[in-house]
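A quick write-up on the structure given underneath.
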Amino acid sequence: MIGVSRTAGFLTGLLAPALLAGAAWAAASIQTLTSPGGKDYWLVEEASIPMVAMEISFVGGASTEPDGKLGASNFLAAMLDEGAGDMESLAFSTRAELLAANFSFSAGQDAFSVSARMLSENLDESAVLLRTAIAEPRFDEEPMRRVRGQIVSSLRSAETDPNALASRAWFGAAFPDHPYGRPGDGTIETVSALDADDLRAAHRRLLTREGAVIGIVGDVTPEKAGEMVDMLLAGLPEAAPERPAMVEPDPAGAVSVVDFDAPQTTVMFGHAGPLRDDPDFIPAYVMNYILGGGGFSSRLTVEVREKRGLAYSTYSYIASLDRAGLILGGVGTANARAAESLDVIRAEWRRMAEEGVTAEELDKARRYLTGAYPLRFDSNGKIAGILVAMQRDGLPADYVTTRNALVEAVTPEDVSRVARKWLDADALRVVAVGRPEGLGEAVEPAAIQ
Amino acid sequence: MMGLGARAVCAVAAVTMAGAALAAPKVTSFTLDNGMEAVVIEDNRAPVVTHMVWYRVGAADEPRGTSGIAHFLEHLMFKGTEVIPEGAFSKLVAENGGQDNAFTSRDYTAYFQRIAADRLETVMRMEADRMRNLVLGENAVETERDVILEERSQRTDNNPGALFGEQMSAALYMHHPYRIPVIGWRTEMEQLSRQDALDFYARYYAPDNAILVVAGDVEPGEVRRLAETYYGVHEPSGRPPEARPQEPPQLAPRRLQMRDARVRQPYVLRQYLTPTRVSGAAEDAAALTVLAEVLGGGGVTSRLARTLEVEEGVAISTGAYYSASSRDDAEFGLYAVPAEGVDLSAVEAGVDRVLARLATEGPTAEELERARVGVSAAEIYAQDSGAGLARRYGAALSVGLTLEEIEAWPDLLRAVEREDVIRAAAMLRPEASVTGWLMGTETATAGTEG
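Top line first, the protein sequences correspond to chains A and B. At position 280 of the first sequence the residue is numbered 280 (UniProt numbering), and the sequence of numbers has no breaks. At position 404 of the second sequence the residue is numbered 404 (UniProt numbering), and the sequence of numbers has no breaks.
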């Protein structure tokens, strides 16, 4: 007999001091700084590894695109390392490889993002190279043709990817009159028509000084980091793009089936949810953890997967876009059991809205959420991302020390209140991609675009 | 990709540089009296710890006819023991503010938790308990079998590229069990029983067949004390995994053409059977790794991309990869996705031309230099993720590499010269290869679209 207790008693001791110390560690070291040129940025100095991670998020992504130019942000992201300044594509990549500098660029609906990982010993030259990509992309004919081909190919493949089909149908129906309802990466038609001038326009619109939100973590001093910030943003237009209007998803509950020949139905469901600045965001976040959040303890996972074996994966999450709040979820389930899975999910949605949670459930959720919070801060790159997310969400730097107390303060009444307010099983918009039984007639994929 | 993140999606690193060792991180090791190896990687940046146990057994060790049992057992390991109630394992970890999961590959099965450093003892006690004391109820097994069947649907059957990968492996490996998918063939998965799982468990789950990896804000002496307390009590099995059936001489190049109505983008994939760091000479594996990097690593600077994408415009995507750290001979792969209007035979011919040229001329000095810079940078960047380091060490040790071999690997990579790459290219023998075309139902075959 080894020393494992028969019950959970010893395992569920109260919050350990180390957990709070973890948050204190990260917070104590966040410096909120302003560059000599007047740009705010956040820095964590971490000299134990000779590298620097940097994250820049430019406010305004695909949702700021004119209708006819859909996909320009995504195309732009793929072009920034395809030639810049006096370097053609091959020369730029060769230079980056010799410096061992990793740059990546991406565009979402709300932001255009830059991630960089650079060695300390090459920091100056790497930052200059990154600045060239950000400020002076070339859009040469050869890479334009090649990258356009890559994007069109991936859009074509998305036509038979059940997750992509579900997402596209869901957002299209939920936001019929808002940019969020459009495919952010564009369509084969729009991308095929985009030229270098369109990307130059997207570049001027998206990469702006005002719109830049910056986090830097690693082996770099504030003096050096400030100079780097000014250098990187030099010459960019000042004003950030105008963002689309705030919007709520179409409130009508609906089930639509997209015909797709596969043994498993891929389901996406959801409805309105809280924005990030909603005073009840934290209670809603805790509520969702219990309903369908990460890990194997959520009600959805227990009821759908553990008890019934209906799916390998099922989940829900609070999707706070900049201009709309959502609660979304998904499940992949055998065609023959799709209706049963959805019934179980709806029942859990109702149970949470009507009954809330028990004190014990809430206690366990709080213990997980507070204990797991420091786990997010486990690499320079991740911390840089967190610094940017906090600034975008309007949170103060000491949020990392107060956040766990906010979670601790959530009561069963808070959870009941937010569950009653937001969860509505009848308002769920459901898109099922596959050949599900008992969910009604299919529409053709073409009809939902 | 050979990893199978079983309980949730979490792929195992199978990159060419896998296992690169690091000069700077503080790595120490010890072995318990019962044969269990342990590695401690100190990282004091945050008060968290990654605790992993790796079993030197994977899908390639399954008894014939029970494909998927290694992975199925991995799921069932979360069901409970005499002291952990059914379904409670992950909940207990979560209630302690931790995250847990597991994954199965061809060569190993691993379980891990990430948690506050002062909870290491809690999770180690639980992990050590389920090494020998698993309890499986018939109902739990029945339900979980439905879960893995849905997992197969989600990962493989919903994805023609994944189905194509299965067909390729089944052709490349004529006899070795790498020909069988980690998730299992559906017909056999449907028949997997509680007894199959218990037999596999009893045979392989023992301390002398396991490796402990602890990374994070810990002190090696304390880790050793805990490991002796919890893992040290288990009796060794005295039975390492058996050698696996090896490939007979491969004498004939194989070709596949697979059609699936869902395929919108055809491509060509070539795989060669090659020796690895474990099955062959480490110097050869290092040379093959650099060959993969020069041919198809990174972005537009690789030979395949530069020639076929940039200069000729016949491909929109290309790449090369090498399973350097597999236990037995494994695949070296090349792929090319044709540009619109270019047929598969043309792009395949292009791949062969690029390969032939590199095999004759070898890499340029600059290509070798870029590869070396990449190796050295990877060592530094790898230190940024304690959990990532833990995975590298665990994966390498569980296929039979030693700590010394792991730590010597970056130097071997940096020592690769032009003639080594030429020698490596000669190891890609057409008779030991499979060339596959994945096509839609409408895709024309050779020569009709060009």
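Note that CB positions come from ideal geometry on N, CA and C, so glycine has one too. No experiment lies behind these values; they were computed from the predicted model shown.
### Query
Starting from Thr266 of chain A and walking both ways along the beta strand (DSSP E), at which residues does that stretch end?
Counting along the chain, Thr266 of chain A sits inside the beta strand (DSSP E) bounded by residues Gln264 to Ala272.
### Message
List, in chain order, every chain B residue whose beta-carbon is nearer than 7 Å to that of residue 450 of chain A.
### Response
The question about residue 450 of chain A has no answer here: the residues shown for chain A are numbered 1 through 449.
### Query
Taking DSSP as the reference, what is the three-state secondary structure of Phe139 of chain A?
Here Phe139 of chain A sits in coil by DSSP.
### Query
Which residues in chain B sit within 8 Å of Arg305 of chain A, going by Cβ to Cβ distance?
Within 8 Å Cβ-Cβ: Val147.
### Message
Mapping the DSSP letters down to three states, classify Leu423 of chain A as helix, strand or coil.
### Response
Here DSSP, grouped into helix, strand and coil, assigns Leu423 of chain A to coil.
### Query
Is Ala359 of chain B closer than 8 Å to Ala426 of chain B when the C-beta atoms are compared?
In this structure, Ala359 of chain B lies closer than 8 Å to Ala426 of chain B by Cβ.
### Task
Please list the partners that Asn380 of chain A has in chain B, where partner means a Cβ-to-Cβ separation under 8 Å.
Under a criterion of Cβ atoms nearer than 8 Å, the residues of chain B adjacent to Asn380 of chain A are, in order, Asp384.
### Query
Which chain A residues sit within Cβ distance under 7 Å of Val135 of chain B?
The contacting residues do not exist; Val135 of chain B stays about 12 Å from chain A at best.
### Query
Measuring CA to CA, which of B:Leu428, B:Ile211, B:Gly400 and B:Val375 is closest to Phe30 of chain B?
It is B:Ile211.
### Query
Under 8 Å between the Cβ atoms of Ala292 of chain B and Tyr322 of chain B?
Taking 8 Å as the Cβ cut-off, Ala292 of chain B and Tyr322 of chain B qualify as a contacting pair.
### Message
Would you call the stretch 106–113 of chain B in contact with the stretch 309–319 of chain A, where contact means no fewer than 3 C-beta pairs closer than 8 Å?
### Response
Taking 8 Å as the limit for Cβ pairs, the verdict is that the stretch 309–319 of chain A does not touch the stretch 106–113 of chain B.
### Query
Taking all protein chains shown into account, do 16 or more other C-beta atoms lie within 10 angstroms of the C-beta of Leu389 of chain B, making it buried, or fewer, making it exposed?
Burial call: buried.
### Message
Tell me whether the stretch 408–424 of chain A and the stretch 236–246 of chain A touch, counting them as touching only if at least three CB pairs, one residue from each stretch, are closer than 8 Å.
### Response
No: fewer than three Cβ pairs fall under 8 Å.
### Task
Evaluate Asn44 of chain B with the Cβ neighbour count: other Cβ atoms within 10 Å of its Cβ, from every protein chain shown; 16 or more gives buried, anything less gives exposed.
The Cβ neighbour count for Asn44 of chain B, taken over all protein chains shown within 10 Å, is under 16; the residue is labelled exposed.
### Task
Count the other C-beta atoms from every protein chain shown that fall within 10 angstroms of the C-beta of Arg225 of chain B, then say buried if there are 16 or more, exposed otherwise.
Arg225 of chain B should be labelled exposed.
### Message
On the DSSP bridge list, what partners appear for Val342 of chain B?
### Response
Listed as beta-bridge partners of Val342 of chain B by DSSP are no residues whatsoever.
### Task
Would you please state the rounded distance, in angstroms, between the beta carbons of Ser73 of chain A and Asp110 of chain A? I believe it to be under 8 Å.
About 10 Å separates the CB atoms of Ser73 of chain A and Asp110 of chain A; that is not less than 8 Å, and the two are not in contact.
### Message
Our contact map puts Met36 of chain B next to Pro207 of chain B with C-beta atoms below 8 Å; I'd like the distance itself, whole angstroms only.
### Response
The Cβ separation is near 4 Å, so the contact holds.
### Query
How long is the line joining the alpha carbons of Ser288 of chain A and Val416 of chain B, rounded to whole angstroms?
Here residue 288 of chain A is Asn; the residue named in the question, Ser, does not match the sequence. Going by C-alpha positions, Asn288 of chain A is about 52 Å away from Val416 of chain B.
### Neighbour flag for Glu309 of chain B against chain A, beta carbons, 8 Å
With 8 Å as the cut-off, Glu309 of chain B counts as an interface residue toward chain A.
### Query
Counting contacts by CB-CB distance shorter than 8 Å, is Lys91 of chain B in contact with chain A?
For Lys91 of chain B, at least one C-beta of chain A is nearer than 8 Å to its own C-beta.
### Query
Since Phe58 of chain A meets chain B, which of its residues come closer than 8 Å, beta carbon to beta carbon?
Neighbours of Phe58 of chain A on chain B: none; closest Cβ ~23 Å, over 8 Å.
### Backbone secondary structure at Val223 of chain B - three-state DSSP
It is helical.
### Cβ contact check for the stretch 250–270 of chain A and the stretch 430–444 of chain A: 3 or more pairs under 8 Å
They touch, by the three-pair rule.
### Query
Any idea what DSSP makes of Ala110 of chain B, helix, strand or coil?
Ala110 of chain B falls in the strand class under three-state DSSP.
### Message
Here's the rule: buried if 16 or more other CB atoms are within 10 angstroms of the residue's CB, otherwise exposed. What is Pro181 of chain B?
### Response
Pro181 of chain B comes out buried.
### Task
From the DSSP output, read off the bridge partner residues of Met439 of chain B.
Per DSSP, B:Arg259.
### Query
Tell me which same chain residues have a C-beta within less than 6 Å of the C-beta of Trp437 of chain B, skipping the five on either side of it?
So the list reads Gln257, Val268 and Leu344, once near-sequence residues are dropped.
### Query
So, helix, strand or coil for Ala349 of chain B, using DSSP?
DSSP places Ala349 of chain B in helix when its eight states are reduced to three.
### Query
Which one of A:Ile383, A:Gly61, A:Ala384 and A:Arg350 has the shortest CA to CA distance from Leu423 of chain A?
Closest by alpha carbon: A:Arg350.
### Task
List the endpoints of the continuous beta strand (DSSP E) containing His51 of chain B.
Residues Val48 to Tyr55.
### Task
Could you list which residues in chain B have their beta carbon closer than 9 Å to that of Tyr180 of chain A, in chain order?
The premise fails here: Tyr180 of chain A is roughly 25 Å from chain B at the closest Cβ pair, so nothing lies under 9 Å.
### Query
Just reading off the alpha helix (DSSP H) that Gln167 of chain B is part of, what are its end residues?
Note, Gln167 of chain B: alpha helix (DSSP H), Pro160 to Leu172.
### Cutoff 8 Å: Arg262 of chain B Cβ touching any chain A Cβ
Arg262 of chain B has a beta carbon lying within less than 8 Å of a beta carbon in chain A.
### Query
Closest to Arg130 of chain B by CA distance: which of B:His75, B:Glu138, B:Pro160 and B:Ala94 is it?
Considering only alpha carbons, the answer is B:His75.
### Task
Could you work out which residues of chain A lie near Asp157 of chain B, taking near to mean beta carbons separated by less than 9 Å?
Those within 9 Å of Asp157 of chain B in chain A are Ala262, Pro263 and Gln264.
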